[in-house]
Every structure is written in structure tokens, then in C-alpha cells.
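Asks: Here it is, the structure in full.
There are 2 protein chains.
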Amino acid sequence: MTSAAADRPVDDLLVGVLGGAGPLGRGLALRLAAAGQRVLLGDADAERARALAAEVAGLASAAGGGEGSVQGGADADVAGAADLVVVAVPFAEHAGTLGGLAEALAGKVVVDAVVPVGTDDLGTYLVDVEEGSAAQQAAALLPDSAVVGAFHTVPVAALADLARPTVDADVLVAGDDAAAAATAQALAGRLPGMRGVYAGPLRNARHLEAMAVVLGSVDERYGAAAGLRVTDV
Amino acid sequence: MTSAAADRPVDDLLVGVLGGAGPLGRGLALRLAAAGQRVLLGDADAERARALAAEVAGLASAAGGGEGSVQGGADADVAGAADLVVVAVPFAEHAGTLGGLAEALAGKVVVDAVVPVGTDDLGTYLVDVEEGSAAQQAAALLPDSAVVGAFHTVPVAALADLARPTVDADVLVAGDDAAAAATAQALAGRLPGMRGVYAGPLRNARHLEAMAVVLGSVDERYGAAAGLRVTDV
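Line by line, the protein sequences are chains H and Y. Just so it is clear: in the first sequence, position 116 is 115 by numbering that gives the first Met the number 0, and no numbers are missing. Just so it is clear: in the second sequence, position 150 is 149 by numbering that gives the first Met the number 0, and no numbers are missing.
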């Protein structure tokens, strides 16, 4: 499917972030707002979302993001109001959150950034997902949305730290809908230092989710907030 | 286990490359020899290996790799003679090749670079491996070797092109044996422009094999020979 949002300039889009209280969601909301994007920060608890949105808006404004804005609300309301939605909830809440939002998200670009992980003696590992990946699970639950996978390998600690003017990382985007993938790439390009790179069909989202696990191992070994750059592109 | 090779300076090691006739194996043999490493190029067919070794040695020498050397031989002989072995055979020959080499490779560092892939209408996809990954399959077949996974995401076309003095890519190394992983990282660091980065336990090798599939999609989209750099490390 082709969504209406995919045909509009990305700067004009009202971007919803589901799971905005988590480190990735909060960091993306912050950087997008600081870059001038209008953002709706969603959480299961609307009150919590509004308080967090005010905090994020203040930080983004202090960083010079004059034209952006951040409002908060319940995930369902954010899904209904936004033009494009980034999904950044914990995997344990992934199916439960999206299961009720098929209608609210119909016709929209949905960018799934969720990494399904567990922890054991060896550290963090990738959890099996019946549909193949979190992003493919989203696609199964949202048959009328244009789902892509992206933002899995973004260094979360660097996102939150506005003292770093840029984040040194590419954003790999996997998706079957060309227009939706291009929109997600353009959204990634709004973040200073970052760049969206097309990474193949939606089934490759599993491999991007997996690379978040690898980068977690890198972070642990080197005390880093590691990201990825794709060379020769 | 800790292998003897893991305790020696990497420059001194005689490096075997199984599957040296394939593009990755040939490219690694070429770049290693050009960097001054002594290399044994292996193939199922010893005659073919010797002819290819002579060709690779000539190219490496022309590129200024005076101190390196390349000899060719049957995979089994190469496995027995080398101090460290890189496995770069096609996945279809992976279990068959390694199944008979447990004794020859005992006590050695084995660097598995094999990507298990199939092809369908959507392009290339990662094939399931019962042990979890090609590298874990190698570890199961070689119980007395120190197996790590590495070199999956190296841009093969760039490796072969000695007109490029450096290759712009990191080499992610996954392994449970710390000394073997460090040796593989040091070997990667012998290749101009490249760097070995520790990428977690051996089970993460699956995710590195998967990233080769993603980079294949990137290459297809952008007409590139894409590699990966890890940032903040």
C-alpha cells in the first residue's frame, strides 16, 4: 500500500512516537523536536506522556529547536492524530499496543524500531518472533499501514545528549513499500549527523533488530555508545 | 579452549584460507599477502589451488607485498599446515569440508566467514542453520578448535581491487574464546584501512552473517560495495 504521508514533505508531518517514555522513544522525540519537527509523544499513561512531553519540549527549545513542538498523549490518541508513527515500545508491549491501533494507523507510515531481546548469563540475546521480526509482527497487526523497520541501531545514549550537536550513525531502513521507506529515510535525515540508508525488504528488519544486540555487546566491551555507518554509499 | 596460535604475534602466523577460490577467500588471501602475511590458499582441488595461489602471489607482489607469500594446496593439507585458518567456502560445502578436519584443526584458531544464504523472488535471504549460525556449526564440528565468526561484512569487490590502497570497513568478530577473538581482530588489522572490533559471544555470529545479507541489499540499491564502520569505538 501507499500511504498519504509518504507523499508529503517529511518536515510537514506530525510525527507520533509510541513508547515515548523509553530511552529510544524519548531520544528520538527530543532530537526530532530540536530539529524543528512537530512531535506527539505517546505513552500508555496519558498524564505521564504530557509531563514528559513538556520536559522534552523544554530541552529541545533550550537547544534551539524553535519551530518544533512536543505534545503528549495516550498512545491510541497519538496514533490517531499523527501523520507518521514511530513505534518504540518495549517488545513485551508491542503486540498489545499495536493490536488495538489498526484502524487509527490505517493509511499511515509506521516505523517500527522495536528490538525483541531477552537477557541471560551471556548477556542480551535476540528473542524469536513468530512473524520473523518485531517489524513483521507490526505489519501483520496493521494490514492497512505501510510498515518499515528502522532506528534499531541508533546509539540511544548519544541521542539523549544534546551537548553532542550531531549523532554519528546511519539509520538502516528495511521495508517493502518504497514510498514509506523513502519517508523513513528522509525522517532519519532530519536528525543532525544521521542519514537514512535503504537496507532491503521488510524481512531484513530481523537483521537490523539483531544488530542492536551486536551493538549492545560492542557498548559493553568498549564502554561506547556505538552506531553504524555504511561505507561506499 | 585457548589455542597456541592465539599466543603468537599475528604477523608470524601462517594463515590458511579454505575456499580460497571464492571471491571472499581469494580477496582475503590477496590482501593478506599484499600486507606481508604468509598465506596458504586452499581448495577442494589441489591443482586449482596451486594455480590460483601463483596468480594471487603475483598480484600481491606487484602491489608491493614483498614479504608475504602464497602457496596453494588441498583444503585438508592447508588445514594441517596452517597456524590459523579462515573458512570461506560456500555454505553448501561448509559442513562437508569441516567435518573431516577436526583433527587437523585441533588447537588452532578457526575464523569462520561463511554466510548461509539462499535466493528467491525478493533477493537473497539468510538460511536457517540448526546450530544457530555457520560459525556455531563450525564450533560443533571442531570441538578442539577456537572458533570465531568474522569477515562476513567485508566488501568483497573492494577487497579484490588493489587499486584501492585501503578498504573502508571494520571487521566485526564474534567469539567465546577471548584470545582467539583478539587474534582475529589483529589479523583484520593487518588489512589496510580495516580494523577488528569485538562484537560479542559466538552466538552473535548469526547476526554478523545476517548483516552480509543486508549489505547485499544495500549494494543492489546503491550500486555499491558497502561495508560497515562502528562509530564511537
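Note that CB positions come from ideal geometry on N, CA and C, so glycine has one too.
Distance check for Y/ALA187 and Y/ASP233, CA to CA, integer angstroms please.
Replies: No answer is possible for residue 233 of chain Y: the residues shown for chain Y start at 0 and end at 232.
Asks: What ranges does the beta strand (DSSP E) occupy inside the stretch 2-61 of chain H, keeping only unbroken runs of at least 3 residues that lie completely in it?
Replies: Here the runs fully enclosed are 13-17, 37-42.
Asks: Bridge partners of H/GLY245, per DSSP?
Replies: There is simply no residue 245 of chain H to check, as chain H begins at 0 and stops at 232 in what is shown.
Asks: Between which residues of its own chain and H/ARG220 is the CB-CB distance below 7 angstroms, once the five residues before and five after are set aside?
Replies: Within the same chain, H/ARG220 has no close Cβ partners at all.
Asks: What are the residues of the stretch 159-180 of chain H that lie near chain Y, defined by any Cβ-Cβ distance shorter than 8 angstroms?
Replies: Cβ contacts with chain Y: ASP167, ALA168, LEU171, ALA173.
Asks: May I have the straight-line CA-CA distance separating H/VAL14 from H/LEU83, to the nearest angstrom?
Replies: About 5 angstroms.
Asks: What is the C-beta distance between H/PRO200 and Y/GLY122, in whole angstroms, given that I count them as a contact (C-beta under 8 angstroms)?
Replies: Confirmed, about 7 angstroms.
Asks: Within 10 angstroms of the Cβ of H/GLY99, are there 16 or more other Cβ atoms? Answer buried if so, exposed if not.
Replies: H/GLY99 should be labelled exposed.
Asks: Kindly list, in the order they appear in chain Y, the residues whose Cβ is closer than 8 angstroms to that of H/LEU207.
Replies: Within chain Y, the residues near H/LEU207 are VAL213.
Asks: Taking CB distances under 8 angstroms as the criterion, tell me whether Y/PRO200 reaches chain H.
Replies: Closer than 8 angstroms to some Cβ of chain H, the Cβ of Y/PRO200 qualifies, so yes.
Asks: With 16 as the cutoff for other CB atoms within 10 Å, does H/PRO89 come out buried or exposed?
Replies: Exposed is the call here.
Asks: Going by DSSP, name the residue or residues bridged to H/ARG194.
Replies: Its beta-bridge partners are H/ASP169.
Asks: Tell me the rounded alpha-carbon separation between H/LEU53 and H/ALA101.
Replies: The sequence given here places Ala at residue 53 of chain H; Leu does not occur at that position. Going from the Cα of H/ALA53 to the Cα of H/ALA101 covers about 28 angstroms.
Asks: Quick one: residues in its chain with C-beta nearer than 6 angstroms to the C-beta of Y/GLU130, no 5 flanking neighbours on either side, listed in chain order?
Replies: Same-chain partners within the cutoff: GLN136, ALA139.
Asks: Based on Cα-Cα distance, which residue from H/ALA133, H/VAL146, H/SER68 lies nearest to H/ALA105?
Replies: Cα-wise, what sits closest to H/ALA105 is H/VAL146.
Asks: Does the stretch 181-198 of chain Y touch the stretch 163-171 of chain Y, meaning 3 or more C-beta pairs lie closer than 8 angstroms?
Replies: Cβ pair count under 8 angstroms is three or more, so yes.
Asks: Spatial neighbours of Y/GLN184 within its chain, please: CB distance less than 6 angstroms, with the 5 preceding and 5 following residues excluded, ordered by chain position.
Replies: The residues are VAL172, GLY195.
Asks: Which residue from Y/LEU39, Y/ALA112, Y/GLY72 puts its Cα closest to that of Y/ASN203?
Replies: The option with the nearest alpha carbon to Y/ASN203 is Y/ALA112.
Asks: Got a sec: is the Cβ-Cβ distance from Y/ALA223 to anything in chain H below 8 angstroms?
Replies: Closer than 8 angstroms to some Cβ of chain H, the Cβ of Y/ALA223 qualifies, so yes.
Asks: Mapping DSSP to helix, strand and coil, what is Y/GLY71?
Replies: Y/GLY71: strand per DSSP, three-state reduction.
Asks: Which term fits H/ASP6, buried or exposed, when burial requires 16 or more other beta carbons within 10 angstroms of its beta carbon?
Replies: Exposed, by the Cβ-count rule.
Asks: Are H/LEU40 and H/ALA28 touching if we call contact CB-CB under 8 angstroms?
Replies: Their beta carbons are under 8 angstroms apart, which means H/LEU40 touches H/ALA28 by this criterion.
Asks: Just how far apart, CA to CA, sit H/ALA61 and H/GLY192?
Replies: Spanning the two alpha carbons is a distance of roughly 19 angstroms.
Asks: Exposed or buried, what is Y/PRO115 when buried is set at 16 or more other beta-carbons lying within 10 Å of its beta-carbon?
Replies: Y/PRO115 is buried by the Cβ-count criterion.
Asks: Tell me where the beta strand (DSSP E) around H/GLY215 begins and ends.
Replies: No beta strand (DSSP E) contains H/GLY215, which is instead part of the alpha helix (DSSP H) from 204-221.
Asks: Can you tell me the Cα-Cα spacing of H/ARG25 and H/VAL69, whole angstroms?
Replies: About 11 angstroms.
Asks: Below 8 angstroms between beta carbons: does that hold for Y/VAL212 and H/HIS206?
Replies: Cβ atoms of Y/VAL212 and H/HIS206: closer than 8 angstroms.
Asks: Compare the C-beta of H/MET193 against all C-beta atoms of chain Y and say whether one is closer than 8 angstroms.
Replies: So, not an interface residue.
Asks: Alpha carbon to alpha carbon, how far is Y/VAL229 from Y/ALA87? Give it in angstroms, no decimals.
Replies: Y/ALA87 and Y/VAL229: Cα-Cα distance of roughly 23 angstroms.
Asks: Whole angstroms are fine: how far does the CA of Y/ALA180 sit from the CA of H/GLY215?
Replies: The straight-line gap from Cα to Cα measures roughly 17 angstroms.
Asks: According to the Cβ coordinates, are Y/GLY35 and Y/GLY67 closer than 8 angstroms?
Replies: Yes, the Cβ-Cβ distance between Y/GLY35 and Y/GLY67 is below 8 angstroms.
Asks: Is the CB-CB distance between H/THR96 and H/LEU31 below 8 angstroms?
Replies: No, these two residues do not count as a Cβ contact at 8 angstroms.
Asks: Anything in chain Y within Cβ reach of H/PRO22, meaning under 7 angstroms, just list it in chain order.
Replies: Here the premise fails: no neighbours, minimum Cβ distance about 16 angstroms.
Asks: Just to confirm, are H/ALA209 and H/VAL217 a CB contact at a threshold of 8 angstroms?
Replies: Their beta carbons are not under 8 angstroms apart, which means H/ALA209 does not touch H/VAL217 by this criterion.
Asks: Where does H/ASP127 fall in DSSP's three states?
Replies: It is coil, neither helix nor strand.
Asks: Would you mind stating whether Y/ALA225 and H/VAL232 have Cβ atoms separated by less than 8 angstroms?
Replies: The answer is yes: Cβ separation under 8 angstroms.
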